[in-house]
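Below is one structure; the comments refer to it alone.
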Amino acid sequence: MTDFYAAPTGVSLGDPVPWFSARSLNGGDLHLHVNAGRWVVLSFFHELSSPRAQEEFRALVAQVAQVSEDRLVAYAIFTAPPENLAVLLPAPMPTLRLVADYDGAVTRLYGAKDMRRTVVLDPMLRAIAIVPWDNPNGHAAVVEQILGGLPEVDLAAGAPITAPALIVPRVFDFDLCDFLVRLYDKMGGEDSGFLLDNNGKTGTVVDHRLKRRRDLPIVVPELRERMRVPIVKRLLPAIERYFQFSATRMDRYLVSCYDSNEGGYFRRHRDNLNAGAEHRRFAVSLNLNRDYDGCDLVFPEFGRRTYRAPVGGAIVFSCGALHEVTPITRGRRYAFVPFLYGEEDAAKRLENNSKIAAGSARYTVGDDFLYPPEAPASAAE
Numbered sequence: 003m004t005d006f007y008a009a010p011t012g013v014s015l016g017d018p019v020p021w022f023s024a025r026s027l028n029g030g031d032l033h034l035h036v037n038a039g040r041w042v043v044l045s046f047f048h049e050l051s052s053p054r055a056q057e058e059f060r061a062l063v064a065q066v067a068q069v070s071e072d073r074l075v076a077y078a079i080f081t082a083p084p085e086n087l088a089v090l091l092p093a094p095m096p097t098l099r100l101v102a103d104y105d106g107a108v109t110r111l112y113g114a115k116d117m118r119r120t121v122v123l124d125p126m127l128r129a130i131a132i133v134p135w136d137n138p139n140g141h142a143a144v145v146e147q148i149l150g151g152l153p154e155v156d157l158a159a160g161a162p163i164t165a166p167a168l169i170v171p172r173v174f175d176f177d178l179c180d181f182l183v184r185l186y187d188k189m190g191g192e193d194s195g196f197l198l199d200n201n202g203k204t205g206t207v208v209d210h211r212l213k214r215r216r217d218l219p220i221v222v223p224e225l226r227e228r229m230r231v232p233i234v235k236r237l238l239p240a241i242e243r244y245f246q247f248s249a250t251r252m253d254r255y256l257v258s259c260y261d262s263n264e265g266g267y268f269r270r271h272r273d274n275l276n277a278g279a280e281h282r283r284f285a286v287s288l289n290l291n292r293d294y295d296g297c298d299l300v301f302p303e304f305g306r307r308t309y310r311a312p313v314g315g316a317i318v319f320s321c322g323a324l325h326e327v328t329p330i331t332r333g334r335r336y337a338f339v340p341f342l343y344g345e346e347d348a349a350k351r352l353e354n355n356s357k358i359a360a361g362s363a364r365y366t367v368g369d370d371f372l373y374p375p376e377a378p379a380s381a382a383e
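Going by the numbering used here, the first residue of the sequence shown is number 3, and it counts up by one from there.
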């Protein structure tokens, strides 16, 4: 069964397309949203039993065979198990995903049930071309012409663009940064997982194909208070001014470490796509040290530019933004990485406790206040 991240509203040129998750013929799930930041080709074949379908499939394979996965990926979408696939595609291709849409949900969603077609998406997952198989100029020829004319991803908008990320310097003082680094080095960290939904329940899993990081939770109340105060006084006013959002809660007091000896990284992801994370509004990445290489933030939907906060400074961005942490190539990077949200979000988080998997930590009300409960946020210092 296919899962959708947006209501089926049809596909029109220029509009953002609905996201979907579907099964891969190679096993596992395919999630459209993580391929933002590339050109994306969605080809709807129905099946591969006819000579025409096989001809079109060969053309697609030839068109994407020599393209970098960082530039473009293609989905071949089937409503029936494809015949002769081993002959037509003897070996897997990094740029080609094979989708088992056997209930036809994705095909119907994109208007391809009655007329097979190819839909080309820009790096922000908006439709820039819809080519039906009955195109008078030839379906494969038109697709080839479109793909051959696509610019580099960084120029996809027609002008250089930057991510909607706020960099705020001088949030933590250097003494606090140094203390947290020394504390981590003394105590060590635990392998850091990520939230994943399975059968309607959110649990934490560790998968080094996606993420390699170690975290040290901060549990001493006095130290948590020492970290909370500068967040309230130095970071929240900037978020309210530039993002028009008044945060009242903060999730996670922990020091994270990406270590080049382990090959630390965090692949493409968004921070709010499951029940255990729906409450998150803004992510904070506050750097605690500078002596390392790599391990920078990238927002693929806005190009390949990297972002790094100064020591003691923070990068703040929407939890809905696709982002990744590039591999660390030298040294260690230490960071404080909480999430910010508000009162309505906290109520949603409490409600979603029923969707947390057995054995995973549930939300405890009151350990996330940014302001004393008895004082209004505007009066707190």
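Every residue gets a Cβ at the ideal spot worked out from N, C-alpha and C, and that includes glycine.
Fewer than three Cβ pairs drawn from the stretch 343-361 and the stretch 254-271 lie within less than 8 Å of each other, which leaves the two stretches out of contact.
Phe-301 and Phe-247 do not touch by the CB rule: their CB atoms are close to 18 Å apart, not below 8 Å.
Only residues of its own chain outside the window of five on either side were considered, and among them none has a CB closer than 6 Å to the CB of Ala-159. For Asp-370, the number of other beta carbons within 10 angstroms of its own is at least 16, and it is reported as buried. In terms of Cβ geometry, Gly-151 and Val-13 do not form a close pair [threshold 9 Å]. The beta carbon of Arg-332 sits closer than 8 Å to the beta carbons of Ser-262, Tyr-294, Asp-295 and Gly-296 from its chain, once the five residues preceding and following it are set aside; these are given in chain order.
Close CB contacts of Gly-205 within its chain, under the 6 Å cut and outside five residues either way in sequence, are with Ala-359 and Ser-362 (chain order).
Comparing alpha carbon positions, the residue from Arg-128, Leu-27, Ala-143 and Arg-60 closest to Pro-20 is Arg-128.
Fully contained in the stretch 196-236 are the following alpha helix (DSSP H) runs of length 4 or more, in chain order: 223-232.
No Cβ-Cβ contact shorter than 9 Å links Val-231 with Leu-185. Between the beta-carbon of Leu-100 and that of Ala-78 there is about 5 Å, and that keeps the pair under the 8 Å contact cut.
Taking the Cα positions, Tyr-104 is about 4 Å away from Thr-81. In the DSSP assignment, Thr-331 falls within the beta strand (DSSP E) that extends over 330-338.
The beta carbon of Gly-39 sits closer than 6 Å to the beta carbons of Pro-125, Pro-302 and Glu-303 from its chain, once the five residues preceding and following it are set aside; these are given in chain order.
Excluding residues up to 5 positions away in sequence, Arg-351, Leu-352 and Asn-355 lie with their Cβ nearer than 7 Å to the Cβ of Tyr-365 in the same chain. Secondary structure at Pro-18: strand, using DSSP grouped into helix, strand and coil. Just measuring C-alpha positions, the residue of Pro-134, His-35 and Val-183 sitting nearest Leu-275 is His-35. In this structure, Ala-76 places its C-beta atom within 9 Å of the C-beta atom of Leu-62. The residues Val-19, Trp-41, Val-42, Val-43, Leu-44, Ala-129 and Ile-130, in chain order, have a CB closer than 8 Å to that of Leu-123 in the same chain once the five nearest residues on each side in sequence are set aside. Ser-287 is positioned such that its CB atom lies closer than 9 Å to that of Ala-316. A direct Cα-Cα distance of roughly 31 Å separates Pro-83 from Arg-272.
Taking a cut-off of 8 Å on C-beta distances, the stretch 209-217 touches the stretch 185-199, as three or more cross pairs fall below it. Restricting attention to Pro-94, Phe-47 and Pro-329, the CA atom closest to the CA of Arg-110 is found in Phe-47. Annotation: Phe-371 is outside any beta strand (DSSP E) and is labelled neither H nor E by DSSP. Cβ neighbours of Phe-341 within its own chain (closer than 6 Å, five residues either side excluded): Asp-253, Arg-282 and Ala-285. Inclusion of Asp-347 and Val-327 in the CB contact set at 9 Å is not warranted, their separation being larger than that value. For the beta strand (DSSP E) assignment, the uninterrupted runs of no fewer than 3 residues enclosed by the stretch 106-160 are, from N- to C-terminal side, 119-123 and 129-134. Of the other Cβ atoms in all chains shown, fewer than 16 fall within 10 Å of the Cβ of Thr-308; this residue is therefore exposed.
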